[in-house]
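Working notes, structure below.
Numbering (the numbering used here), first residue to last: 183 to 548.
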């Protein structure tokens, strides 16, 4: 039994020794390095920049009242279509005491003058009929009466304007009716019935009654980095994608590049605008977040190769051309090439390569 264990341990040691030798031998053998082989091909190259921004109406108006008072009625709701001249709200005038007192005093004075003019006219008419006064004196009395009657009407209108905001003669021009100044869609009505409003004047912007915008004329408004703004110009085509509308891509034309920069988080940006072409079948809401792709350079059908295959020695670009095999080893030789435009993945080859050439690519992982 002892002899058996002795032989077993000897055989085990020999096996371990031989296994270790085989492992070290295999480990010491050089690995075969193999590269992917790629060939140039004709393709389209496009360089573009991406601007982030929002979709906003090209014509958005804040409707302000032309008279101060209290909102008596609101005739529209946000989201409704509206035409130019349509009534949005009605304002009830709150008379100012000094203006009211002045208007009432003017009416009283006008009434007194009218009473006197009536008496003078009746007296002059009686005397004129008897031939005591001339035609000229009678016409003067008639004119004074007409003026007094007109003054009473004007005083009554002035009092009506102070108390109601509109006179009977000019009801169609009433400032108490707030009307839309454009045709479009109501985006927001930030007031409610009973709210006090202030008219627009030299010293005050006035209370906003409604926001109205023409959603048929939409703009992309975004920002471009200072490093890219020199690559673009007005009139170039733009592709706009909206995050809320997946699957849609809208054509646009760049119409505006700000001449002055703004700084955001220590980054210099320039504002741009592009007019969008939106089909009637698609409804785009104001304020959607969007991205705009602006093409800065495009080449069609040029010979190009993967940029990862191109190497550089100083200002010289070159590739390693596959020349054949030596056993299992790939053989390459250097060839200088002239390169052009790059889209970040592929680079244009102006000279030095053909479509039949095979170029050293990335290392294969075994």
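Note that CB positions come from ideal geometry on N, CA and C, so glycine has one too. As the structure is a prediction and not an experimental result, all values here were calculated from the model.
Nearest-angstrom Cβ-Cβ length linking residue 244 and residue 390, presumed shorter than 8 Å: 5 Å
C-beta atoms of residue 440 and residue 452 nearer than 7 Å: yes
CB-CB length for residue 363 against residue 266, believed under 8 Å: 6 Å
Environment of residue 428 [buried if 16+ CB atoms lie within 10 Å]: exposed
Residue range of the alpha helix (DSSP H) that includes residue 409: 408 to 411
Option in 525, 308, 500, 496 with minimal Cα separation from residue 484: 525
First and last residue of the uninterrupted beta strand (DSSP E) at residue 427: Neither: residue 427 is in no beta strand (DSSP E) and is coded neither H nor E.
Residue 386 (DSSP reduced to helix, strand or coil): strand
Endpoints, the beta strand (DSSP E) within which residue 544 is located: 541 to 545
Residue(s) in a DSSP beta bridge with residue 367: 263, 395
Stretch pair the segment 215 to 225 + the segment 536 to 543: three plus CB contacts closer than 8 Å: yes
For residue 367 and residue 395, believed in contact at Cβ under 8 Å, the rounded distance: 6 Å
Segment limits, beta strand (DSSP E) that includes residue 248: Looking at the DSSP string, residue 248 is not in any beta strand (DSSP E), and its letter there is neither H nor E.
Residue 274: first and last residue of the uninterrupted beta strand (DSSP E) it sits in: 269 to 274
CB contact below 7 Å: residue 520 versus chain C: Looking for chain C here will not work: only one protein chain is present.
Distance, residue 289 Cα to residue 327 Cα: 16 Å
From 475, 518, 511, 508, residue whose alpha carbon lies closest to that of residue 496: 518
Boundaries (first-last residue) of the beta strand (DSSP E) holding residue 239: 223 to 239
Contacts around residue 338, its chain only, beta-carbon distance under 7 Å, and the 5 residues preceding and following it disregarded: 289
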